[in-house]
Structure formats: structure tokens, C-alpha cells
Amino acid sequence: MLELADRLLPLIAAGTPVAVATAVDVLGSSPHGAGTSMAVTDDGRLLGAVSGGCVEDAALRACRALLEDGETAVHRFGFGDAAAASAGLACGGELDVLVHRLAGAEVAEQLRLVLAGRPAALGVVTAGPPALLGRAVTPASVAAFAREVPGLAPALLAAALTGRRDTGTSGPIEAVCAGWTLRLFVDVAAPARRLLIGGATDAAAALAAAATAIGYRVTVCDPRPAFALPARFPAAQEVVTGRVHEAVRAASLTPRDAVCLLGHDEDLDPLALAAALESAAGYVGALGSRSTAARRRERLRALGVPEALVARLRMPIGLDVGARTPGELAVAVLAEVLAVRSGTDAVPLRVGAGSIHRPVPAG
Numbered sequence: 001m002l003e004l005a006d007r008l009l010p011l012i013a014a015g016t017p018v019a020v021a022t023a024v025d026v027l028g029s030s031p032h033g034a035g036t037s038m039a040v041t042d043d044g045r046l047l048g049a050v051s052g053g054c055v056e057d058a059a060l061r062a063c064r065a066l067l068e069d070g071e072t073a074v075h076r077f078g079f080g081d082a083a084a085a086s087a088g089l090a091c092g093g094e095l096d097v098l099v100h101r102l103a104g105a106e107v108a109e110q111l112r113l114v115l116a117g118r119p120a121a122l123g124v125v126t127a128g129p130p131a132l133l134g135r136a137v138t139p140a141s142v143a144a145f146a147r148e149v150p151g152l153a154p155a156l157l158a159a160a161l162t163g164r165r166d167t168g169t170s171g172p173i174e175a176v177c178a179g180w181t182l183r184l185f186v187d188v189a190a191p192a193r194r195l196l197i198g199g200a201t202d203a204a205a206a207l208a209a210a211a212t213a214i215g216y217r218v219t220v221c222d223p224r225p226a227f228a229l230p231a232r233f234p235a236a237q238e239v240v241t242g243r244v245h246e247a248v249r250a251a252s253l254t255p256r257d258a259v260c261l262l263g264h265d266e267d268l269d270p271l272a273l274a275a276a277l278e279s280a281a282g283y284v285g286a287l288g289s290r291s292t293a294a295r296r297r298e299r300l301r302a303l304g305v306p307e308a309l310v311a312r313l314r315m316p317i318g319l320d321v322g323a324r325t326p327g328e329l330a331v332a333v334l335a336e337v338l339a340v341r342s343g344t345d346a347v348p349l350r351v352g353a354g355s356i357h358r359p360v361p362a363g
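Numbers 1 to 363, taken from the UniProt record's numbering, label the letters of the sequence shown in order.
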């Protein structure tokens with residue numbers, strides 16, 4: 001749900017009727033994970049996707065039916081199921097899809113938090129008394145909701161991952177509520193990952209656009225005022241004129257964040273790399289030839305950067321995909337950032353075995 005924040009917020013703020021189909025449980029293989037959603041408005045607009053194309057037609061029909069006075073419900077599509085075959089689920093997994101309405105000021109506030117890059121959580125009742133089915137629960141309303149339902153704790157929205165919640169005893173929440181078993185699905189948005197790009201180059205503009213498209217909040221930094229212009233980097237959230245090493249030190253980077261140095265300043269680049277390697281950033285990469293990489297590593301050692309930190313440097317930056325143009329370089333760099341972040345070896349999927357969809361890491 002929350003991945004559609006930029007498109008859902010204007011609709012909900014305007015009071016537009018919206019039906020949402022949300023994948024609340026995924027077993028086996030599916031292109032998308034739990035939490036992904038399709039939204040349909042009463043005037044026919046279509047936003048997002050539930051499973052990358054597999055069950056979109058069925059989800060669209062269910063959303064339209066809901067908008068025509070239908071009822072909130074969970075639909076299951078599974079491999080080998082006749083319903084799955086008619087829905088087009090060919091990936092080999094099972095999918096539970098909640099079709100529900102989304103509205104209200106509290107929901108809109110969570111969407112605003114997502115757009116601001118701040119933590120957000122939105123729960124929806126997926127099973128229980130008909131009066132509660134589809135009800136949205138937010139951090140602002142969870143305490144009141146917990147008072148209504150025995151056995152639910154106000155902390156049930158606090159977990160770091162999207163999915164069903166655990167009571168701490170025996171799996172998913174199953175509180176008895178007037179004879180009904182009640183379950184919640186919670187969609188969580190962590191603070192946006194950050195990408196700090198050093199060097200206001202064409203490659204930086206392409207990388208900023210690609211990283212923004214997958215949820216990074218991008219800062220571009222360059223000491224040259226003529227190049228560090230917001231108009232040159234429309235996808236970046238911030239364009240800073242200043243020294244890159246100073247921007248890195250001021251950023252309070254976390255293991256979820258990345259630093260990519262795409263400039264060519266022989267004097268300042270080693271300082272920026274030292275600051276990035278000494279930070280908590282999960283990925284640090286730099287553009288340059290193999291000879292430049294060797295020279296910069298020696299400069300880092302001369303600056304007193306420990307060998308273990310020097311070994312973290314990804315230089316030459318990116319995966320070897322034959323990139324030449326700025327756009328191609330952006331793809332190669334971002335692919336390496338994703339591989340490092342997920343702990344994969346970045347080999348072609350066709351040479352591996354087992355599921356191609358890895359568990360989503362916490363944070």
C-alpha cells in the first residue's frame with residue numbers, strides 16, 4: 001500500500017473513493033512481496049500492481065466489485081488452483097489478496113510520512129468480525145483499537161518488516177473477538193535509504209534518477225557552484241555546493257545508505273572516500289580506472305585509513321555489464337549497490353538454483 005503513497009495521497013485527501021487490492025501473504029515464488037498493491041478509483045483510474053501481472057485482471061475485477069457496494073474480502077490464488085489458473089498466477093506460489101477501501105485523515109498522514117522519507121505504518125484487519133474487516137489501524141489509532149480487541153498490544157505496529165504480526169506466543173495475532181479470530185496485516189515503510197553522490201556529472205544525474213525510482217533519497221554534492229545546480233539534477237532531493245568529504249561527515253549515514261563518488265578531483269576525492277569508508281554507509285564506490293583505483297587506495301592508506309576499511313571500497317565502481325553511457329553506468333552502479341545491500345553474488349539467475357526471490361532483509 002505504502003509504495004503507492006505519492007499517487008494515493010491526493011486521492012484520499014480529496015475524498016475520492018478508492019478500492020485497494022493488497023497482497024497480504026505470499027508463499028513460494030512471486031515477483032512482488034507482501035504489501036504491494038493495486039488501487040482503483042471510482043472513475044476507473046488504475047494505480048500499481050499486486051504481483052507484476054500475474055493476478056492483475058482478477059484483482060481489478062474485485063476492486064471494481066467493491067466500489068459497486070461489494071464487501072471487503074481476502075481472495076486466495078494458488079499454484080494448481082483453478083482460480084489461480086484463471087487469474088494467471090504462473091509463478092508457482094500462493095497469494096492472499098485483501099480487497100479493501102482506503103480512506104481517512106489518519107491514513108493520509110501515514111502516506112505523508114512516507115513521502116517525507118520518515119517511518120510509517122499502516123495496518124489493515126484481514127480476518128475477524130465483518131464490522132472490522134478492512135479497518136485501517138495507524139500508530140495514532142492503535143491504542144484505541146487495542147482496547148477494543150482483547151489480546152492485541154499497542155506495539156503491534158512497531159515491528160520493522162511488512163507482514164502479519166506476532167503476539168510473542170504462537171505466531172500470527174489470533175485474539176478472540178466476540179467469537180471471531182482476528183488478524184492484522186501491517187505495511188511498514190522504513191526511513192528512506194539515502195544515496196550521496198559526489199560529483200555533479202552527467203553520470204550523477206542518471207544515477208540520481210535511477211536511485212530515486214527505487215526509493216532512495218538522493219543528495220548530489222560538488223564544490224563547483226556552476227555545476228551543482230538543482231536544475232541539472234531534477235530527481236535529486238538535495239543538491240549541495242560544497243566539499244564532498246564535509247557533506248559525508250555531516251550526513252550521519254547508516255548501513256542502509258550508500259556513497260558513490262563520480263567526480264575526478266585527485267586532491268579532494270581521497271578525503272571524501274576516507275570519510276565515506278569511516279562512516280557507517282553500507283556501500284562506498286568510486287568511479288575510476290584500475291590504475292586510478294590503485295593510486296587512490298595508496299592515498300587512503302597514507303591518510304591513515306585502516307586496511308579493513310580500504311577493502312570496503314568498490315572501485316572501479318559498478319558491475320561489469322559493458323556500460324558506456326551515463327545511463328548504462330547508472331544501471332551498473334545501482335545493480336552493484338543492490339547486490340551489496342542484499343548480500344548476493346550478482347551472478348545471472350539462470351545459473352543458480354532454488355527460489356529467485358530472497359527474503360527481504362530487516363531495515
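Note that the Cβ used here is the ideal one computed from N, Cα and C, for glycine as well.
Using only alpha-carbon positions, find the residue among the options that is nearest to residue i.
i	options	result
L182	A127, I214, P191, R194	A127
L77	L67, G198, E3, E56	Residue identity differs from the one stated: residue 77 is Phe in this sequence, not Leu. It is E56 whose Cα lies nearest to the Cα of F77.
H100	L261, A59, P255, L115	A59
R232	S291, D25, A200	A200
L319	V244, A335, A228, V310	A335
A204	L111, G15, H264	H264
A308	D202, L277, A21, V26	L277
D189	G123, F145, P129, T241	It is worth fixing the name first, because residue 189 is Ala in this sequence and not Asp. The shortest C-alpha separation from A189 is found at G123.
L95	P139, L27, A143	L27
T325	I214, T41, D202	D202
R256	P10, R194, A323, A62	R194
R301	C221, G322, A275, G288	A275
P348	V321, L329, V337, A330	V321
P129	A353, V149, A209	V149
A330	V20, R7, I214	I214
S289	R147, A209, M315	M315
A209	A136, E328, V310	E328
residue 378	T16, G70, E71, D25	The question about residue 378 has no answer here: the residues shown for the chain are numbered 1 through 363.
L11	H75, D69, A62, R112	R112
From the DSSP secondary-structure annotation, give me the bridge partner or partners of residue i.
i	result
G198	C221, L261
D187	L122
Y283	A258
T41	V18
T138	In the DSSP output, where bridge partners are listed per residue, T138 has none listed.
H75	V97
residue 371	As shown, the chain starts at 1 and ends at 363. That puts residue 371 outside it, with no answer to give.
R314	G285
A127	R183
Residue i and residue j: beta carbons closer than 8 Å?
i	j	result
V333	L207	yes
A103	V18	yes
V239	G198	no
G285	I317	yes
A247	T212	no
E109	S141	no
L4	A39	yes
A280	T254	yes
S51	A23	yes
G117	P191	yes
L271	L261	no
L115	L9	yes
L66	D42	no
V259	L184	no
residue 367	A49	For the chain, the structure presents residues 1 to 363; residue 367 sits outside this window and is missing.
T241	P230	no
L47	R7	yes
What residue range is occupied by the uninterrupted beta strand (DSSP E) comprising residue i?
i	result
E238	238-241
A103	Taken as a continuous stretch (DSSP letters only), A103 belongs to no beta strand (DSSP E), as it is neither H nor E.
G327	Run containing G327: none in the beta strand (DSSP E); it sits in the alpha helix (DSSP H), 326-342.
L46	46-48
For the alpha helix (DSSP H) holding residue i, just list the boundary residues, first then last.
i	result
residue 402	With the chain represented from 1 up to 363, any question about residue 402 goes unanswered, as that position is not in the structure.
L11	5-13
E298	290-302
D345	From DSSP, D345 is part of no alpha helix (DSSP H); its letter is neither H nor E.
P270	269-278
V244	244-250
R64	56-67
request  = Would you check if the stretch 264-280 and the stretch 294-302 touch, i.e. whether three or more CB-CB distances between them fall below 8 Å?
outcome  = yes
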